[in-house]
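J.:
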Amino acid sequence: MTPPASMTDDVTDPGTTQTSEDRARLRLNLMSAPEATRLRRAEWLTVIASLLWIGQAAAAAMVIDDLVSGQPDVTNALYGSSVFVLLGVLRAALSHRSGSITLAAAQAVISRERNRLLAREALRSPFSEGGRSSAEIAALTADKLAMTIPYLTRYRPAMARARIVPAAILLVALPFSWIAAFILLIAGPLIPVFMALVGMAAQDASERQMKEIGSMNGLLMERIRALTDLRLIDATDRTIRDFRRSAERLHRRTMKVLAVAFLSSTVLEFFSAIGVALMAVYVGFSLIGQINFGAWAKPLGVGEGVFLLLLAPDFFQPLRDLAAAWHDKAQAAAVAVELDAVETAPFEPMLGKGSAATLPAPPQLATRSLRWITPSGQTISYPDFDLAAGQSLAVVGPSGTGKSSLLALIAGLTPAETGAVFVGDGTLDDDTADGWRRHIALIPQSPHFAHESLRANLRRFAAEASDAGLRAALNAASASDILARLPRGLDTRLGETGHGVSGGEARRLMIARAFCSSAAIILADEPTADLDAETAHAVTEGLLALKMRGASLIVATHDLALAARMDRRIVLGDGT
Amino acid sequence: MSALLRIARRLLAEEWWSLLRGTLLAVAVLAAGVALLGLSGWFITAAGVAGLAGAGLVFDVFRPSAGVRFLALGRTAARYGERMLTHDATLKSLARLRVSLLTALSRSPFPRLAALRAGEQLNRILRDVDTLDGLVLRLIIPFAAATLALTGALVALWLLVDPRLAAWVLAGFGTGSIAALVIVALRARRPARLAFSAQNALRLRTMDLIAGRGEWLVAGQTDLRKARVLSAEARLQDANTETDKAERLSGLVMSIAETVVSGGALLIGAWLVIEGVIDPAIAAIGFFATLALAEILGPIRRGLAELGPMTDAARRVTRMLDVPAPLPATPKTRTARADEALVSFDRVSFGYGGERPILDGFSLDLAPGEIVALTGASGAGKSTILMLAAGMLEATRGTIMLGGLPLGEWTDTELRHDVAFLPQRSTLLAGSIRDAIRMADPGIDDGAIWSLLSAVALDETIAARGGLDMRLGEAGSGLSGGESRRLALARTLARRPRLLLLDEPTEGLDRETAHKVLSGIHRQMLENGVILLASHRAAEREFAHRCHHVAAPASV
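If you read the sequences in order, they're chains R and W. For what it's worth, the working numbering labels the leading residue of the first sequence as 3, then goes sequentially. For what it's worth, the working numbering labels the leading residue of the second sequence as 3, then goes sequentially.
#1: Would you list the one or two residues that DSSP bridges to W/THR377?
#2: Of all the CB atoms in chain W, is at least one closer than 8 angstroms to the CB of R/PRO377?
#3: What are the partner residues of W/MET403, as DSSP defines its beta bridges?
#4: Return the first residue and the last residue of the beta strand (DSSP E) that R/LEU444 is part of.
#5: Which residues in the same chain have their Cβ closer than 6 angstroms to the Cβ of W/ARG81, if we skip the five residues on either side of it in sequence?
#6: So, is the C-beta of W/LEU204 closer than 8 angstroms to a C-beta in chain R?
#7: Would a check of beta-carbon distances place R/VAL65 closer than 8 angstroms to chain W?
#8: Relative to the alpha-carbon of R/GLN380, which residue among R/THR360, R/ARG118, R/PHE387, R/SER407 has its alpha-carbon at the smallest distance?
#9: Give the residues of chain R in contact with W/ASN242, contact being defined as C-beta atoms less than 9 angstroms apart.
#10: If you follow the beta strand (DSSP E) that R/ALA422 is in, where does it begin and where does it stop?
#11: State the start and end residues of the unbroken alpha helix (DSSP H) segment that holds W/ILE446.
#12: If you check the beta carbons only, do W/LEU489 and W/THR508 fall under 8 angstroms apart?
#13: Measuring straight from C-alpha to C-alpha, what distance separates R/ALA203 and R/HIS329?
#14: Could you list which residues in chain W have their beta carbon closer than 8 angstroms to that of R/ILE442, in chain order?
#15: Roughly how many angstroms lie between the CA atoms of R/GLU498 and W/GLY76, to the nearest whole one?
#16: Counting only the same chain and skipping the five closest in sequence on each side, list residues whose C-beta sits under 7 angstroms from that of W/SER434.
#17: Helix, strand or coil for R/VAL398, going by three-state DSSP, please let me know.
#18: Between W/ALA379 and chain R, is there a C-beta pair that is closer than 8 angstroms?
#19: Look at the Cβ atom of R/PRO446, then the Cβ atom of R/MET550, and state whether they are nearer than 8 angstroms.
#20: Which residues in chain W sit within 8 angstroms of R/VAL76, going by Cβ to Cβ distance?
#21: Note down, in chain order, all residues in the region 225-252 of chain R with a beta-carbon under 8 angstroms from any beta-carbon belonging to chain W.
#22: Counting only Cβ-Cβ distances shorter than 9 angstroms, please list the residues of the region 351-381 of chain R near chain W, keeping chain order.
#23: Closer than 8 angstroms, CB to CB, is R/ARG158 near chain W or not?
#24: Excluding sequence positions up to five away, which residues of its chain have a Cβ less than 7 angstroms from the Cβ of R/PHE579?
#25: Which term fits W/THR401, buried or exposed, when burial requires 16 or more other beta carbons within 10 angstroms of its beta carbon?
#26: Any beta-carbon of chain R closer than 8 angstroms to the one on W/ASP246?
#27: Counting Cβ pairs closer than 8 angstroms, one from the region 162-171 of chain W and one from the region 268-278 of chain W, do we hit at least three?
#28: List the residues of chain W whose Cβ lies closer than 9 angstroms to the Cβ of R/PRO128, in chain order.
#29: If I measure Cβ to Cβ from R/ALA538 and keep anything under 6 angstroms in the same chain, skipping five residues before and after, which residues do I get?
#30: With distances taken from CA atoms, which of R/ASP527, R/HIS441, R/TRP46 is nearest R/GLY552?
#31: So which residues on chain W does R/SER71 lean against when the C-beta distance must stay under 7 angstroms?
#32: I'd like to confirm the pairing. Which residues does DSSP put opposite R/ARG370 in its beta bridges?
#33: In terms of residues, what are the limits of the beta strand (DSSP E) holding W/VAL458?
#34: Is the CB of W/GLY353 under 8 angstroms away from at least one CB in chain R?
#35: For W/GLU396, which residues of its own chain have a beta-carbon under 7 angstroms away from its beta-carbon, when the five flanking residues on both sides are left out?
#36: Against chain W, with Cβ distances strictly below 8 angstroms, would R/GLY500 count as a contact?
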């Protein structure tokens with residue numbers, strides 16, 4: 003949950019600790035490197051746009067000077083204000099162009115990052131260490147990576163302007179009056195100094211504030227999730243009262259924090275206002291002749307004075323823009339740190355690419371001296387076995403002895419440490435895996451339903467199955483009663499809506515899914531775990547019906563009744 | 003838009019006084035900014051005129067320069083005060099919005115609450131609430147303040163400079179703002195909505211791709227699914243580009259309007275000077291003040307970009323908030339005669355409208371003091387029967403009577419007083435063990451809590467880990483699955499109901515603990531209380547006085 007930007011956009015937040023700050027900077031640079039040329043061009047455009055103001059100021063100053071000292075003439079005024087407007091329009095057009103370039107570049111940057119992240123994580127073995135949950139990867143891909151856009155489109159251009167524009171204005175002011183330049187020089191650089199001082203307090207403050215707004219959402223989420231239970235014990239009114247109280251406590255704490263945090267932006271406002279005021283007072287006094295120093299050879303004229311006054315606000319503007327965009331950088335840095343953490347986490351790939359492949363030689367399966375290392379570092383050695391078409395095999399043993407991983411090794415979902423799986427006429431490797439898997443259908447222990455219709459979910463291993471085919475498969479798996487109860491039949495979306503199915507029903511749907519496919523090898527992982535006897539029996543019969551159809555069956559289980567119905571068994575753990 | 007106004011009213015309702023003061027300070031900030039630049043311009047020009055005329059010594063420099071300094075400092079102070087006031091009020095209204103949401107959701111039907119447990123939908127609601135957080139701070143206050151400041155400045159220009167200048171500024175800014183607004187309204191709304199749905203698709207498809215990656219790989223569909231994620235991403239990018247284009251175009255229109263108005267103000271000022279209507283220093287006020295006014299419009303421009311997303315979020319959130327308040331309890335006599343069944347199901351059916359119901363023509367009578375176990379295969383409808391009895395679902399046909407009255411005539415509060423239900427999955431909150439039990443019975447003392455814990459065989463575990471003060475983490479983390487289930491059971495027992503509904507209460511417990519817990523439940527029940535449980539364990543069937551087999555509805 004991210005805190006709303008409204009609460010934090012005026013708060014200076016210099017980021018996290020030194021090392022992660024460095025990593026974040028490196029990662030952000032790496033990210034934007036392919037677009038560096040475009041980004042730089044856009045940044046230059048905004049710098050030039052800002053500098054055009056100097057020309058506008060000069061044009062306006064000439065008109066006013068003309069009114070005061072010269073022979074006022076409408077043509078001159080028309081000429082001066084036309085230049086002012088033309089430069090202004092050019093300035094707006096340049097900013098507009100720069101914005102479109104940076105957005106396109108920023109989108110290219112995050113598109114590339116999304117692509118990379120997904121390409122990698124989609125092939126991460128389910129057994130690999132360092133994997134994040136699908137919700138975390140989804141949040142990173144869809145929401146968090148997008149938070150780097152303001153860094154590229156706002157912060158970086160603001161930074162470019164802050165580097166060049168104030169210095170340029172200072173250089174322009176210097177030939178007219180060294181005092182004017184001095185006023186800007188003093189007020190300008192003092193801003194970062196003071197902001198750093200206040201910022202130290204504000205940094206801690208803003209972090210705490212973000213945490214507290216986050217925790218308000220956390221409290222709310224926890225309570226909404228528990229609403230069913232709270233209502234059943236008649237505790238909703240009390241809960242709402244408690245929530246209101248803790249929200250009030252949170253609010254009081256947050257305000258204390260903000261009181262400090264706003265100081266830093268107030269300092270910025272203060273210096274920019276006082277800079278303009280000092281400039282006005284100095285110029286005014288020297289025009290009257292009460293101040294006779296500061297200018298070089300000849301005293302300051304009205305036009306020059308107006309020019310200097312017009313420059314003053316724009317001297318501070320880039321600094322104010324930068325301060326307003328400071329939060330964008332902190333946010334992007336946090337995303338970069340997380341991205342870096344995901345990318346540097348241990349990674350074990352699955353075999354193959356998961357692309358459509360042509361059906362290879364007929365399915366024959368054998369394993370020889372297979373060894374696999376668990377994520378906790380334990381080595382598991384598997385007995386060798388051969389499996390001919392249409393045979394069934396039970397893999398039994400206590401939990402933690404590697405039953406599920408044997409199925410994963412056969413499907414190429416995790417690489418073997420040593421030894422080999424022989425499939426068809428070769429060994430299972432990156433090149434043969436995609437083809438080999440066309441023979442396989444999975445019945446996983448905890449079924450995953452994608453956010454789409456039951457029809458689409460059942461077609462997982464049989465993309466072209468017709469509705470009639472699906473209904474036949476559900477019949478064969480004695481799962482048609484489940485379908486009959488669902489409100490929208492095959493169009494029902496499971497999981498996302500409240501119309502869920504129970505654990506046993508989900509398992510039967512998985513068997514139906516295997517029936518839809520013409521897979522020659524069925525891998526079933528604990529198909530009867532946590533089921534009552536009646537349902538377990540129905541599931542077992544469904545599996546045997548699959549075998550009757552000619553499929554080979556490998557079942558990892560500790561259900562001895564199920565294991566007894568298989569042709570052969572291998573025992574893991576104590577037996578080897 | 004009307005949804006947005008309703009949310010705005012809700013947010014403003016109780017904080018209007020601090021918001022008003024905040025807005026006035028915001029006006030002061032803007033006005034001080036305009037006045038600072040206007041006064042400075044006048045001061046310099048007038049000083050220049052005086053200097054040239056050799057009248058420098060008689061020119062009053064001190065009052066204007068003091069004014070300039072006062073405005074600079076006053077602006078800073080007003081800014082700080084404005085921020086504190088408006089953030090204070092906003093934070094309060096944020097809390098209020100969340101409280102209203104929680105209140106409204108707590109009244110929604112149970113199936114809807116169950117759907118909310120799935121993280122994604124809840125996340126979407128919270129994202130909407132987060133979006134609305136900026137409504138006051140970034141839309142309402144800047145808009146109100148800018149309108150007021152602009153009006154004030156126009157009046158000042160009218161009086162100080164010339165009506166013609168004021169008219170020019172009004173016409174210029176008015177046309178520019180309206181054009182910018184129209185561009186955003188016409189061209190940014192649709193892509194903003196598309197972007198919202200594309201972003202949801204991107205999130206869900208990524209979740210599917212990653213959660214099912216093993217299956218996609220085996221099915222040879224990894225590439226295909228990744229391509230689907232990326233197509234949602236491309237849609238999102240296109241929609242964002244469109245929104246951005248519209249916003250930048252409206253920004254361009256505003257910038258050009260600002261430039262043209264300022265340039266025009268300069269020209270009009272010069273012309274008025276040449277015509278002899280005003281003197282050059284007054285013309286300078288006009289030009290400088292107009293320049294500063296352009297800065298007022300900046301926040302509005304940024305706020306406009308958020309108008310679309312906020313309107314959409316408001317529409318979805320108001321839909322959530324529109325839950326009618328529950329009917330007040332009407333006292334009625336509802337005592338069952340001693341010889342009557344406490345609960346009776348009479349040919350009750352339930353279904354979600356599929357080809358076949360989940361439950362069909364179920365009948366059962368429960369006499370006071372009875373313990374009945376429902377048996378049958380998973381999917382036969384045991385849990386549904388319990389949920390119907392708890393009033394969480396409404397029967398599609400047939401009637402359920404409780405204490406001689408149809409269930410529909412009971413209000414929620416009355417029903418909760420007499421009926422307690424332990425569903426298959428229950429959720430705990432962060433807090434102490436004592437808090438968890440007190441949720442169910444605020445008046446309960448520690449002794450009674452301990453006897454409840456001993457009834458569910460948790461007393462030793464809790465005593466060893468800090469007693470009743472033991473803290474649970476978020477959603478009750480810190481206890482194992484079986485332990486938190488038993489704590490939820492203790493919480494249910496604390497209600498001391500006349501009808502106790504238990505869905506597989508000893509699931510996941512070993513035989514010995516299961517027996518302990520079942521006899522503990524018996525000890526804690528009221529005399530003549532009724533227990534109805536869904537079970538698939540022998541221990542639970544032995545515990546019951548009788549079993550009732552539930553058969554799945556027959557094929558059509």
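Using N, Cα and C, we set each Cβ at its ideal position, and we do this for glycine too. Being a predicted model, the structure only gives us computed values, none of them experimental.
T.: In terms of the structure at hand:
#1: Answer by DSSP bridge pairing, in chain order: W/HIS551.
#2: Closer than 8 angstroms: no.
#3: For W/MET403, the pairing in a beta bridge is given by DSSP as W/SER346, W/PRO408.
#4: R/LEU444 -> beta strand (DSSP E) spans 442-445.
#5: Excluding positions up to five away in sequence, the list reads VAL31.
#6: Yes, because at least one Cβ of chain R sits closer than 8 angstroms to the Cβ of W/LEU204.
#7: It does: the Cβ of R/VAL65 has a partner Cβ on chain W nearer than 8 angstroms.
#8: The candidate whose alpha carbon is nearest that of R/GLN380 is R/SER407.
#9: By Cβ distance, chain R contributes LEU105, GLN109, ALA148, ILE151.
#10: Residues 420-425.
#11: From DSSP, W/ILE446 is part of no alpha helix (DSSP H); its letter is neither H nor E.
#12: Not in contact: W/LEU489 and W/THR508 (Cβ atoms no closer than 8 angstroms).
#13: Per-residue confidence for R/ALA203 stands at a pLDDT of 49, beneath the threshold of 50, marking its modelled position as unreliable; the derived number appears in the next sentence. When rounded, the distance between both Cα atoms is 16 angstroms.
#14: Within 8 angstroms Cβ-Cβ: VAL220.
#15: Any reading at R/GLU498 needs caution, since the residue's pLDDT is 49, under 50, leaving its predicted position unreliable; the model's value is listed next. Distance between the alpha carbons of R/GLU498 and W/GLY76: 55 angstroms.
#16: Correct list, in chain order: LEU470, ASP471, MET472, ARG473.
#17: Under the three-state reduction of DSSP, R/VAL398 is assigned to strand.
#18: Interface residue, yes.
#19: The answer is no: Cβ separation not under 8 angstroms.
#20: Under the 8 angstroms cutoff, chain W gives ALA272, TRP273, ILE276.
#21: So the close ones are ARG225, ILE226, ARG227, ALA228, LEU229, THR230, ASP231, LEU232, ARG233, LEU234, ILE235, ASP236, ALA237, THR238, ARG240, THR241, ILE242, PHE245, ARG246, ALA249, GLU250, LEU252.
#22: Residues of the region 351-381 of chain R with a C-beta atom less than 9 angstroms from some C-beta of chain W are MET352, LEU353, GLY354, LYS355, GLY356, SER357, ALA358, ALA359, listed in chain order.
#23: Look at R/ARG158: its C-beta is not under 8 angstroms from any C-beta on chain W.
#24: Because chain R spans 3 through 578 in this model, residue 579 of chain R falls outside it and cannot be assessed.
#25: Its Cβ having fewer than 16 others within 10 Å, W/THR401 is exposed.
#26: For W/ASP246, the nearest CB of chain R lies under 8 angstroms from its own CB, placing it at the interface with that chain.
#27: They touch, by the three-pair rule.
#28: R/PRO128 reaches chain W at ARG215, GLY216, counting residues in chain order whose Cβ is nearer than 9 angstroms.
#29: Around R/ALA538: THR530.
#30: Comparing Cα-Cα distances from R/GLY552 to each of R/ASP527, R/HIS441, R/TRP46, the minimum goes to R/HIS441.
#31: Within chain W, the residues LEU54 have their CB atoms less than 7 angstroms from the CB of R/SER71, given in chain order.
#32: For R/ARG370, which the question treats as bridged, DSSP gives the partners R/ALA422.
#33: Run containing W/VAL458: none; DSSP gives neither H nor E here.
#34: Yes, its Cβ sits closer than 8 angstroms to a Cβ of chain R.
#35: No residues qualify anywhere along the chain.
#36: Summary for R/GLY500: the model assigns pLDDT 43, below 50, so the residue's position carries little reliability; its value from the coordinates is reported in the next sentence. Output row for R/GLY500: interface = yes.
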